[in-house]
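Novice:
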Amino acid sequence: DTGVSQDPRHKITKRGQNVTFRCDPISEHNRLYWYRQTLGQGPEFLTYFQNEAQLEKSRLLSDRFSAERPKGSFSTLEIQRTEQGDSAMYLCASSPSAVGYEQYFGPGTRLTVT
Amino acid sequence: DAKTTQPTSMDCAEGRAANLPCNHSTISGNEYVYWYRQIHSQGPQYIIHGLKNNETNEMASLIITEDRKSSTLILPHATLRDTAVYYCIVRVADFGNEKLTFGTGTRLTIIP
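Protein chains in written order, with this note's numbering: chain W, 1 to 114; chain Y, 115 to 226.
Structure representation (C-alpha cells):
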C-alpha cells in the first residue's frame with residue numbers, strides 16, 4: 001500500500017508524559033499536513049510543511065506541540081507534558097505541490113491521556 | 115474561506131441515489147467546493163471538487179447551482195459502505211491557503 005501511514009495507531013499515556021507520533025506521506029508528495037479531531041467534530045488544521053519547511057501553524061498548536069519534517073520525507077508531531085484535553089485523533093495528510101490539489105489522509109493516531 | 119451549512123444527518127435506502135446538500139451562500143468567485151467523507155475510525159477521503167461546472171467522477175457527481183450559493187453531492191447507487199460523515203468544504207485554491215476547514219458534516223446512514 002502506498003498511502004499515507006501513521007504510527008502508532010493508538011497511544012495511551014498518563015498526563016504529564018511526552019508523546020511522539022510519526023507520519024509517512026505518499027512518497028512523491030511535497031506537502032504534509034497535521035490535523036486534530038475530537039469526538040463529534042471535524043478535523044482541525046494544526047500545521048503544514050512544504051518539503052522540510054514548516055509554512056503555517058494554527059493557534060491551536062501551543063508551545064507544548066512541535067512538528068518536524070527534517071528531510072522533507074516523514075514527519076513527527078511531539079506533544080510535551082500531555083493534558084487530558086490533548087486526547088484526540090491526530091491525522092496526517094499529504095498532497096503534491098500543485099495548487100488546489102486534494103489531500104490524502106492517513107488512518108490517524110488516537111491519543112488517550114489518562 | 116466561506117462557511118458551509120449541511121444537515122446534521124440523513125438516511126438513504128441501499129441502491130438509491132443519495133443527495134447531500136450544502137449551502138455556501140457567502141462563497142467568493144475564486145473559491146472551490148470540495149467534498150470529503152470519513153468512514154468510522156478512518157481518515158477523511160477526498161471525493162470530488164468543482165468551481166462552477168458540474169463534475170462527475172467514479173465516486174460521485176457534484177452539482178453546483180448557477181449562483182454557486184449551494185451544491186449537492188450525489189452518490190448514484192448508495193451501498194452500505196457509503197455510510198460515513200460527509201464534509202462540504204469551500205476553499206480558495208491558491209498558494210498560501212493550504213489548509214482544509216472542516217465543519218461537522220452530514221452523517222449519512224445507508225439503510226439495507
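C-beta atoms are modelled at their ideal positions from N, C-alpha and C, and glycine is treated no differently.
What ranges does the beta strand (DSSP E) occupy inside the region 119–161 of chain Y, keeping only unbroken runs of at least 3 residues that lie completely in it?
Specialist: Correct list: 123–127, 132–137 and 145–152.
Novice: Distance check for Thr170/Y and Gln103/W, CA to CA, integer angstroms please.
Specialist: Computed Cα separation, rounded: 18 Å.
Novice: Measuring alpha carbon to alpha carbon, tell me which of Gly219/Y, Val204/Y and Asn167/Y ends up nearest Glu212/Y.
Specialist: Selected option, being the one with the closest Cα: Val204/Y.
Novice: So Gln120/Y and Thr220/Y are supposed to be a Cβ contact under 8 Å. How far apart are they, rounded?
Specialist: So it is a contact: roughly 5 Å between Cβ atoms.
Novice: Below 8 Å, how does it come out for the region 90–99 of chain W and the region 19–30 of chain W: are there three or more Cβ pairs, yes or no?
Specialist: Verdict: yes, contact present.
Novice: I'd like the ranges of any beta strand (DSSP E) spanning at least 3 consecutive residues and lying wholly in the region 18–103 of chain W.
Specialist: Segments of the beta strand (DSSP E) lying fully in the region 18–103 of chain W: 19–24, 31–37, 44–50, 53–57, 65–68, 75–79 and 88–95.
Novice: Anything in chain Y within Cβ reach of Leu91/W, meaning under 7 Å, just list it in chain order.
Specialist: Result: Gly157.
Novice: Specify the secondary structure class of Arg221/Y as computed by DSSP and reduced to three states.
Specialist: Residue state, collapsed to three classes: strand.
Novice: For Leu15/W, which of helix, strand or coil comes out of DSSP?
Specialist: The identity of residue 15/W in the sequence shown is Arg, whereas the question assumes Leu. Here Arg15/W sits in coil by DSSP.
Novice: For chain Y, is any of its Cβ atoms less than 8 Å away from the one on Gly42/W?
Specialist: So, interface residue.
Novice: Taking a contact to mean a Cβ-Cβ separation below 8 Å, would you say Thr82/W touches Thr13/W in this structure?
Specialist: Against a cut-off of 8 Å, the Cβ pair of Thr13/W and Thr82/W comes out as a contact.
Novice: Confirm, please, whether the CB-CB distance from Val19/W to Ile79/W is below 8 Å.
Specialist: Yes, the pair counts as a contact, with Cβ atoms nearer than the cut-off.
Novice: Looking at the C-beta of Gly164/Y, does it have a partner C-beta in chain W at a distance below 8 Å?
Specialist: No, its Cβ sits nowhere closer than 8 Å to a Cβ of chain W.
Novice: At the level of alpha carbons, what is the spacing between Thr140/Y and Arg15/W?
Specialist: In a straight line, the C-alpha of Thr140/Y is about 42 Å away from that of Arg15/W.
Novice: Roughly how many angstroms lie between the CA atoms of Leu32/W and Thr179/Y, to the nearest whole one?
Specialist: So the alpha carbons of these two residues sit roughly 33 Å apart.
Novice: Would you tell me roughly how many angstroms separate the C-alpha atoms of Glu56/W and Arg130/Y, rounded to the nearest one?
Specialist: Cα to Cα, the separation comes out at about 42 Å.
Novice: If you follow the beta strand (DSSP E) that Val199/Y is part of, which residue opens it and which one closes it?
Specialist: Element bounds for Val199/Y: Ala198 to Val206.
Novice: To the nearest angstrom, how far is it from the Cα of Thr47/W to the Cα of Gln54/W?
Specialist: Approximately 7 Å, taken between the alpha carbons.
Novice: Distance, Cα to Cα, Glu172/Y vs Pro43/W?
Specialist: Distance between the alpha carbons of Glu172/Y and Pro43/W is about 25 Å.
Novice: Once DSSP output is grouped into helix, strand and coil, what is the label at Arg182/Y?
Specialist: Correct three-state label for Arg182/Y: coil.
Novice: Assign Leu194/Y to one of three DSSP states: helix, strand, or coil.
Specialist: Correct three-state label for Leu194/Y: helix.
Novice: So Val113/W is in the beta strand (DSSP E); what residue range does that whole segment cover?
Specialist: Start and end: Thr109 to Val113.
Novice: So, at 6 Å on beta carbons, what are the nonlocal neighbours of Asn137/Y in its own chain, with the 5 sequence-adjacent residues on each side left out?
Specialist: Excluding positions up to five away in sequence, the list reads Thr119 and Ser184.
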